[in-house]
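Note sheet for the following structure.
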Amino acid sequence: QKEVEQDPGPLSVPEGAIVSLNCTYSNSAFQYFMWYRQYSRKGPELLMYTYSSGNKEDGRFTAQVDKSSKYISLFIRDSQPSDSATYLCAPRMDSSYKLIFGSGTRLLVRP
Amino acid sequence: DVKVTQSSRYLVKRTGEKVFLECVQDMDHENMFWYRQDPGLGLRLIYFSYDVKMKEKGDIPEGYSVSREKKERFSLILESASTNQTSMYLCASSPGTDTQYFGPGTRLTVL
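In order, the protein sequence lines correspond to chains A and B.
If you use this note's numbering, the first sequence corresponds to residues 15 to 125, in order.
If you use this note's numbering, the second sequence corresponds to residues 440 to 550, in order.
Below you can see the structure in the form of structure tokens.
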């Protein structure tokens, strides 16, 4: 079993839809939960991260962590065609450099 | 803005060749990383360096070596390239355990 599981998609939605992207993980020692966005033929870029459980909002993006069920979510409101990309979740343990990446979910927002 | 550059975007090599992939960062980060990214497998850590001349093996170091002679430069070396090393190679840098910043990637094909 992989440490971090992510549905590969593709997930296709119309412009303006609310998108929910999810990951599950198995290591209860993870404390930081990153979301990276990767456009085609580019390197990943950090979108946002949360520490421990709870929600964090940044504009149209909300990251949510439920440590009791080991479930990580990224919500995108009012999705735009420019949001079309692969989204990677990457948790890590406290005081560790090592990110454990999910395989990514490909999102396509149709105009 | 943090900038991580990689020497080539696309590279084609033959089996058995020695291959050098170069990465340079301009933010004086202590840590530098090499990953490979394959469909369905996500990003997997090959090697990590936390200081000049210091390195640690990641999850899949077999068939690879690294060199860090200067703080800003981290090289990945394939001593004898094989077809199963055909992949996207991504370099990243970070200050401590903070955010990792990625380069654009090198797509390596080994024939």
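Note that beta-carbon positions come from the ideal geometry of N, C-alpha and C, so glycine has one too.
Check, Outcome
"Sort out for me which residues DSSP pairs residue 481 (chain B) with in a bridge.", "B:477"
"Give a yes or no on whether the C-beta atoms belonging to residue 34 (chain A) and residue 89 (chain A) are separated by under 8 Å.", "yes"
"Looking at residue 17 (chain A): is its Cβ nearer than 8 Å to the Cβ of residue 39 (chain A)?", "yes"
"What is the DSSP secondary structure of residue 95 (chain A), counted as helix, strand or coil?", "helix"
"What span of residues does the beta strand (DSSP E) with residue 460 (chain B) cover, start to end?", "458-464"
"Along the segment 58-73 of chain A, where does the CB come closer than 9 Å to a CB of chain B? Name the residues.", "58, 59, 60 and 63"
"For residue 480 (chain B), go through chain A and note every residue whose CB falls closer than 8 Å to its CB, in chain order.", "117"
"According to DSSP, which residues form a beta bridge with residue 543 (chain B)?", "Answer is none; residue 543 (chain B) lacks a bridge partner."
"Using the rule of at least 16 other Cβ atoms within 10 Å of the residue's Cβ for burial, across every protein chain shown, is residue 488 (chain B) buried or exposed?", "buried"
"Give the straight-line distance between the Cα atoms of residue 85 (chain A) and residue 68 (chain A), rounded to the nearest whole angstrom.", "11 Å"
"Please classify residue 15 (chain A): does DSSP put it in a helix, a strand, or coil?", "coil"
"Which of the residues in the segment 16-27 of chain A, read from start to end, lie with their CB under 7 Å from any CB of chain B?", "22"
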